[in-house]
Structure formats: structure tokens, C-alpha cells
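> Pasting in a structure now, in C-alpha cells, and then I'll have a few things to ask.
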Amino acid sequence: MKQRVRCLFFLFALLGSLIGRAQSPQTARLRQALARATTDTSRVLLLADLAASYRYSRFDSVQWYARKGLHLAWKIGYRKGEGRCLSRIGILMGERGNLPQALRTDLEALKINEESHDLEGTARTLNQTGLLYHALDDERPALAYFFRSKTIYERIRVRDDSQLISVLANIGASYTALRRLDSAAVFLNRAYQLTQQSRNVNQSCWGNPAPYVLRELGLLQGALGNTTQAIRYYRLSAQAAIPENDLRSSSRAYQYLAELYGRRQQPDSSVYYARKALVMGQSLPFIVGVVRTSNLLAETFQTRKQRDSTLKYMNIMLRAEDSLYDPHRIKQLDAIGFAEQQRLRELELERVQYMARMRLYALATGITVLVLVALLLWRNNKLQKQANAKLQALNQQVVQQKEEFMVQRDNLAQTLLELKQAQSQLVLREKMASLGELMTSVAQEIQKPVHQVRDFAGISQALCQELHAEFNKLALPDDDWEYLDETLQNLGQYQEKIVQAGRRANSIVLGMLEYASAEPSLRQATDLNVMVESSLRMAYHEMRGKHRTFNAALLPTLDPAVGMLDVVRHDLTRALIQLFLTAFNAVQQRQSLDEEGYVPQVAVSTRRLVKHVEVRVRDNGLGLTDELQNTIFQRFSTGNTTNERPGLGLPLSYDIIKSHGGALRVESREGEFTEFIMTLPVKAQPEAVASESASVEG
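Going by the numbering used here, the sequence shown opens with residue 103, and the numbers climb by one from there.
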């Protein structure tokens, strides 16, 4: 017993020195290289390597260096460094047990590695991704990732042997889990031979892979039934991990020793090594190892019927499982033991006794008070009745005045809201009027030089033809004539293109004048599908101009049978753009909530009916409440919902569509979608045409 106590004391002293150093042998060299680095790209890569050197000794340092490198890579736009630093963060998440988030991070890093053509970073991220599936006991995809990584390493002939050794050992571990022991032996023995022969494994930021290879060889021997050899390899793995400060490998080696001794019905040795593994796992904290080791200890002490120890390690296991996404909480379990639990039981007993005494005192006090109250009531019965009557009258007056004040407050709030909305509408109209005047002035100024360009281009084209005719009259050598003829033809073609471009610019200017015109416009035959598609693109580019990071899937489904409609082009274009902007705002608001797997989508479809054409605009945003659906097209509404649409664009769109003889309605389900359905008559309604003609004549 004394010898075991000495061993435990030596273990804790050794562990304390390792934690105090908390770095790999390669860390000092990397720090010196970082201090001498002259470029930001070199600093980013060195920060990623520094993060890797702390991967099995201090997780906080992994996060600090990886985050620092990632921010620097973002700042200078260095995609290769971004992928490598993001991959290091994925290592940290996997070791802390957050396997789903680690997988998402690794896949994002893999995409960046491939985009930046970083083959070494791609191979490393593939290897990490395979390890995540291996941790989930899903060996088929794990092997696929491992072999992809191995192929890249062998193709580029990576100079860092530790990375290829890691992949070979991972393949062997997966085959061991699948019980394909012959294949496992081939890859693990190859990894071990390369570890013994390599001259650069001690120079890599990933450290010497010997502890991991020896541990997996021990697992293979255990699967083959050679327990003596398995124990030998586990102990060699723990010894090899000491100079590397590889606390994770030491913890796993002791964990496997504890599990092996447990299967051999040697509970004392199993408990001894399990406790060593638990201490090292908690120091990282290595959450997955803590869960397995504490579970083993809890089962062992339960078999021994030592309830206090069983409860202690069961609590550690449950806390570790509950805190897979919060690794700092596992450190709080180190100080909890049987003595603390006993002290808490005593405090709970004292609290219960104190509460019982307090209830007794309260009961006695209550009885005394009741007796006194009864005496007072008996004496002052008449006076109390009079006081109650007066109090009731005063209470009614107070309630009535309160209700009146509430009504007045609500009326004032409603009036203030309507005034604010009217003010917003006036400001919007003033801005739109100023913008229209500016567009008209700019268009008129552009129109003059455009006409001059077209005129001079036409004159130049005619001059080219005259020069060609004059040169025909001259007796020139064939070579000179061929050169002049080709030059005049090219010049004529250029002038013709200038004329075409001038016509195009003139049509654009006319469109601007028509759009900015404050006068009523006549209906024109218009291809509705073209108008819908162009309005969708214009609204999307306007949204991206306001939010540069915004992206959405555009899903147009346009019915060719819709054909041409007589509409006021610029008015209907305004209405369509407002509907699309409303949809884009909805998906952008939902995207800001960072829902997992959410993809912003805006779909638009057209359909020809018997007497009408239908246009549907649907988004998968936040949706609308029932109250907001009833008031969304009103100019003055008092909705209090959080997903209310801003501005007066929708009421204006409603009026524009109604002036065309059409209709606009909305269908929505809160939290799922919103769909605006616009219908337009195939032929203009007589009353709409009459009102429009009257406005033009006036």
C-alpha cells in the first residue's frame, strides 16, 4: 500500500511538471522562428504550427495561437493560412468532444484548403476528418478520408514523415476496429518502421508519433489475445509520451491498460491505471477520455459495492457527458470528493432542522396574532365596517381614474404613431421626387452628347465610304491598296458599332426619362417574364449593395404562355422591385439568426390563367403573424410584431397593382415562409383604362 502511495505521489509530481511546462519540444524553435518572421504570411503559418505543437498539452494555447493566426489571415486575405488555422481549431473541438462542430469546422477548412491548392493542408484536414468518424465508430467513411490523405502525402512526397506516419497508424486503427487484423498489422508495422527510420519526426510541429503508434500496436495485440505484448506496448507508449509532453497519449495508454486489467479480472491494477488516466484527461481536459475512464471506475467500484466511490466517479462521468460543449466545467469536478459530499449532507440536515424550527415559531406567532386580531375585531367591528365602506369608495374612484388614464395614453400613443408614419411617408415622397428630378436632369444632359456621338459617327461612316471611292480612282500598288481597303473597312465597322452603341444609350436615357417622369404614363405592350426577371436581378443587386455578405438562391419559374401585357412599365417595375426587396429582407433577417442548415431562397413564378396572369413571390424567411397579414397593405398600421416589414413600399405596390385592375394578397406561416400573389388582367379593365385616359387628357 505504501509503495502504491509513493507511485501515485511520483505520478502527480511528474504530471505537475508536465503541465507547468505545457509545451512540446518543438515549441521553443517555432517561437524563435515567429520572432524572426518578416512577412505576415510566414507569421500565419508559424502561428498555425505553434497551435499544433500544443495539441496534446494545453488546449487554451491551441485556441489562442490558431485564433490569432486566423484573424491575421483574414486581415491580409491569405486563404492558405486561413484554412490551416481553421483546421487547428477543428482539432481543438474534436479533442474537447464537440464532434459535430469539429466536423463542420474541418469540412469548412477542407474547402478552403482545396480552393487555395494547399495539398499538404488538404491532406492534414482529410486525416482529421477521418479521425472524427473513427471517434464515432463509423469506420467506412473514416477509411475513405484516410486513404485520400495517404494518396496526397505520397504524391507530394511530404518532407514531414510524422504526417504520413499518422495516416498509416489511423488506417491500422480503423482496420483494428473492423476486426480486419491482418490489414491492421500491415499498416501499423509500416508506421512503426517509418517512425524508427525517420530523421525528422522530432523536428515536426506535430511531434514524434511514436506514442500513438505504440498504443495502436498494443490495441492490435490485445485484439489478437496477446495481452502480455499489449501491456508492453501500452507502457512503451506512456514512456514515449513523456519527452513529447503528450498528455493525451499518456492518458489513453493508461486508459487502455486499465481496461485490459479490468478484462483480466485484476481490479486493483485497473483502478490504479484508470485513476492515472483520469487525472491526465482532466488536466487537458480530454472530455472523451474522462467519460470512458470515469465510467470504468464507476463500474469497478459498483462491483465492489463501494457506493461513495461509485457515486463520485458516476458524477464525474455525467458532468463530463453534460459538458461536452463546455470543457471548462470539467475542471470543477477535481475538488469534489466523499468528504465534501458528507459535509453537504450535514449542511442539508441542518437546513431542514432550521426550517422546521422556523415553521414552528411562525405557527406560534400566527396563533398569537390571530388571537389579538380576534380581540381587535370584536372591539372595533363597527369602526372597521365604516372604514371598509370608505376604502371601497376610494378604490372605485382610483380604478376609474386609472382606466381613463390608460385610454388617454393609448389614444396619444396611436396618434403619435400615425404622425410618425405620415412624416416618414412625406420624407419618402420628397426624396423620391428629388431623385426623379435628378434622374431627369442627368438623362437630358446625357441625351445631347449621345445624339452628337451618333451624328458624328454617321458622318464619319459616310466619309469612310467617300475615301474608299476616291482611293479607287488612284493607281496604288496592290499591297498599299489592300492595306488602305482593310483599314477603311475596319474604320467603317467601328463607326457602325458606335452608332449602335449610341442607339442603345439613347434607349437607356429614354427609359430613365420615362421612369423618372411624374406625369401619368400610357400602357405599353410588355413581356411580363422579361420584366419580372429584370426586376428580380435589380432588387438582388440593390440588396447586395446594402449588405455585401448577403447571398440568396434565386429560383425563377416563368411560364412562356404569359406573353405580352399592356402595363405602365415603370409603375409595375416599382411594385415588383418592392415585393422582391421585401422577400430579400425577410430571408436576410432569418439568416442573421445563424440557424443551422438554413439556405436563403427567393422563388418567383408566373402562370397564365384564363383571364388573368398570376405572379407569385415566395421566400423562406421569418414569416408573418396573423395580425400583420391583415394590416401589411395598410398605410397606417399599429402592428407590434418583431418581424414587421419596414416602410410604406408594400401599400404603394398594392395601389399600383390595383390601378392596373389587378389584386395583391399575401399568404404566410410564421417561422416558415411568406408568399405574395399578384394577379393582373390579360386585357386592361375598362374602368382602369378610362381613369388613366382621363388623367392623361387632364
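For each residue, glycine too, the CB sits at the ideal point set by N, CA and C.
1) Report yes or no: do the stretch 717 to 734 and the stretch 682 to 693 share at least 3 C-beta pairs separated by less than 8 Å?
2) Per DSSP, what kind of secondary structure is residue 627 in: helix, strand or coil?
3) What residues in its chain sit with their C-beta under 7 Å from that of residue 216, if we drop five residues either side in the sequence?
4) Only counting runs of 4 or more residues, tell me where the alpha helix (DSSP H) segments fall wholly within the stretch 151 to 233, in order along the chain.
5) Starting from residue 394, follow the beta strand (DSSP E) in both directions and report where the run begins and ends.
6) What residues are listed by DSSP as bridge partners for residue 666?
7) Quick check: the Cα distance between residue 763 and residue 653, rounded to an integer number of angstroms?
8) Which two residues bound the contiguous alpha helix (DSSP H) that contains residue 655?
9) Helix or strand or just coil, what does DSSP make of residue 369?
10) Quick check: residue 189 and residue 227, are their CB atoms within less than 7 Å of each other?
11) Between 245, 301, 254 and 305, which lies nearest to residue 285 when the distance is taken from Cα to Cα?
12) If you run the structure through DSSP and keep just helix, strand and coil, what is residue 778?
13) Suppose contacts are defined by Cβ-Cβ distances below 7 Å. Is residue 349 in contact with residue 158 by that definition?
14) Would you mind sorting residue 167 into buried or exposed? The rule is 16 or more other CB atoms within 10 Å of its CB.
15) Would you tell me roughly how many angstroms separate the C-alpha atoms of residue 785 and residue 210, rounded to the nearest one?
16) Out of 730, 759 and 780, point me to the one whose CA is closest to residue 771's CA.
17) Do you know offhand how far residue 201's Cα is from residue 301's?
18) In three-state DSSP terms, what is residue 762?
19) Using the C-alpha atoms, what's the distance from residue 365 back to residue 396?
20) Between which two residues does the beta strand (DSSP E) holding residue 264 run?
21) Which of the three DSSP states is assigned to residue 743 in this structure?
22) Can you tell me where the beta strand (DSSP E) holding residue 707 begins and where it ends?
23) Taking 7 Å as the cut-off, decide whether the C-beta atoms of residue 204 and residue 234 are in contact.
24) Roughly how many angstroms lie between the CA atoms of residue 727 and residue 736, to the nearest whole one?
25) I need the boundaries of the beta strand (DSSP E) containing residue 673, first residue and last residue.
26) Would you kindly check if the distance between the Cβ of residue 667 and the Cβ of residue 695 is under 7 Å?
27) To the nearest angstrom, report how far apart residue 470 and residue 479 are at their CA atoms.
28) Give the DSSP bridge partners of residue 714, in chain order.
29) Short check: CB of residue 558 to CB of residue 681, under 7 Å?
30) Quick check on this structure: which residue in 274, 196, 692 and 249 has the alpha carbon closest to the alpha carbon of residue 701?
31) At which residues does the alpha helix (DSSP H) containing residue 249 begin and terminate?
32) May I ask you to report which of helix, strand or coil DSSP gives residue 771?
33) Among 277, 255 and 454, which one has its Cα closest to the Cα of residue 240?
34) What is the rounded straight-line gap between the Cα of residue 358 and the Cα of residue 383?
35) Can you tell me the Cα-Cα spacing of residue 402 and residue 776, whole angstroms?
36) Using the three-state DSSP reduction, which class does residue 282 fall into: helix, strand or coil?
Once the coordinates are examined:
1) yes
2) For the purposes of this step, residue 627 is taken as residue 525 along the sequence shown, with counting starting at 1. In this structure, residue 627 counts as strand in the three-state DSSP scheme.
3) Counted from its first residue, the sequence shown places residue 216 at position 114. Cβ neighbours of residue 216 beyond the five flanking positions: 224.
4) 161 to 178, 181 to 197 and 201 to 217
5) By one-based count along the sequence shown, residue 394 stands at place 292. For residue 394, no beta strand (DSSP E) segment is defined; the enclosing uninterrupted segment is the alpha helix (DSSP H) at 389 to 405.
6) For this step, residue 666 is matched to residue 564 along the sequence shown. Paired residue(s): 629.
7) Counting from 1 along the sequence shown, the entry for residue 763 is found at position 661. Counting from 1 along the sequence shown, the entry for residue 653 is found at position 551. Near 34 Å, if we compare the C-alpha coordinates of residue 653 and residue 763.
8) The residue given as residue 655 occupies position 553 in the sequence shown. From DSSP, residue 655 is part of no alpha helix (DSSP H) but of the beta strand (DSSP E) over 655 to 659.
9) Here residue 369 corresponds to residue number 267 of the sequence shown, with the count starting at 1. Residue state, collapsed to three classes: helix.
10) Position 87 of the sequence shown, counting from 1, holds the residue named residue 189. Position 125 of the sequence shown, counting from 1, holds the residue named residue 227. Yes. Within cutoff.
11) Residue 285 sits at position 183 when you count from the first residue of the sequence shown. Checked all of 245, 301, 254 and 305; the closest Cα to residue 285 is 245.
12) As a working note, residue 778 is residue 676 in the sequence shown. Looking at residue 778 - three-state DSSP - the assignment turns out to be strand.
13) Taking the sequence shown and counting its residues from 1, the one referred to as residue 349 is at position 247. Taking the sequence shown and counting its residues from 1, the one referred to as residue 158 is at position 56. Yes, Cβ-Cβ distance for residue 349 and residue 158 is below 7 Å.
14) Locating residue 167 in the sequence shown gives position 65, where the first residue counts as 1. Residue 167 should be labelled buried.
15) For the purposes of this step, residue 785 is identified with residue 683 of the sequence shown, where counting begins at 1. For the purposes of this step, residue 210 is identified with residue 108 of the sequence shown, where counting begins at 1. The straight-line gap from Cα to Cα measures roughly 53 Å.
16) Sequence index remark: in the sequence shown, residue 771 carries index 669 (1-based). Checking every option, the nearest Cα to that of residue 771 belongs to 730.
17) Stepping through the sequence shown from its first residue, residue 201 is reached at position 99. Stepping through the sequence shown from its first residue, residue 301 is reached at position 199. The straight-line gap separating the alpha-carbon atoms of residue 201 and residue 301 is approximately 34 Å.
18) For this step, residue 762 is matched to residue 660 along the sequence shown. Coil.
19) Against the sequence shown, residue 396 aligns to sequence position 294. Against the sequence shown, residue 365 aligns to sequence position 263. Roughly 16 Å between the two C-alpha positions.
20) What you label residue 264 is simply residue 162 of the sequence shown in a count that begins at 1. Judged by DSSP secondary structure, residue 264 falls outside any beta strand (DSSP E) and instead within the alpha helix (DSSP H) spanning 263 to 279.
21) Residue mapping note: residue 743 aligns to position 641 of the sequence shown, counting from 1. Low confidence applies here, because residue 743 scores a pLDDT of 39, under 50, leaving its location unreliable; read the following figure in that light. In the structure shown, residue 743 sits in coil (DSSP, three-state: anything other than H, G, I, E or B).
22) Walking along the sequence shown from the start, residue 707 turns up at place 605. Run containing residue 707: 703 to 710, per the beta strand (DSSP E) assignment.
23) Residue numbering aside, residue 204 sits at position 102 when the sequence shown is read from its first letter. Residue numbering aside, residue 234 sits at position 132 when the sequence shown is read from its first letter. Their beta carbons are under 7 Å apart, which means residue 204 touches residue 234 by this criterion.
24) The sequence position of residue 727 within the sequence shown is 625, counting from 1. The sequence position of residue 736 within the sequence shown is 634, counting from 1. One C-alpha to the other measures close to 15 Å.
25) The residue labelled residue 673 in the question sits at position 571 within the sequence shown. Counting along the chain, residue 673 falls outside any beta strand (DSSP E), though it belongs to the alpha helix (DSSP H) covering 671 to 693.
26) Start at 1 with the first residue of the sequence shown, and residue 695 comes out as number 593. Start at 1 with the first residue of the sequence shown, and residue 667 comes out as number 565. Cβ distance not < 7 Å, so residue 695 and residue 667 don't count as in contact.
27) In the sequence shown, the residue the question calls residue 470 occupies position 368. In the sequence shown, the residue the question calls residue 479 occupies position 377. Rounded to whole angstroms, residue 470 to residue 479 spans 14 Å at the Cα level.
28) On the sequence shown, position 612 is the one that residue 714 refers to. In DSSP, residue 714 forms a bridge with 783.
29) In the sequence shown, counting from the first residue as 1, residue 558 sits at position 456. In the sequence shown, counting from the first residue as 1, residue 681 sits at position 579. It is not a contact, given that the beta carbons lie outside the stated cut-off.
30) Position 599 of the sequence shown, counting from 1, holds the residue named residue 701. Closest option to residue 701, Cα to Cα, is 692.
31) As a working mapping, residue 249 is identified with position 147 in the sequence shown. That run of the alpha helix (DSSP H) goes 241 to 258.
32) For the purposes of this step, residue 771 is identified with residue 669 of the sequence shown, where counting begins at 1. DSSP places residue 771 in strand when its eight states are reduced to three.
33) Numbered from 1 along the sequence shown, position 138 holds the residue referred to as residue 240. Selected option, being the one with the closest Cα: 277.
34) Here the question's residue 358 lines up with position 256 in the sequence shown. Here the question's residue 383 lines up with position 281 in the sequence shown. So the two alpha carbons sit approximately 13 Å from each other.
35) Counting from one through the sequence shown, the residue named residue 402 turns up at place 300. Counting from one through the sequence shown, the residue named residue 776 turns up at place 674. Between the alpha carbons of residue 402 and residue 776 lies a gap of roughly 58 Å.
36) Stepping through the sequence shown from its first residue, residue 282 is reached at position 180. It is coil, neither helix nor strand.
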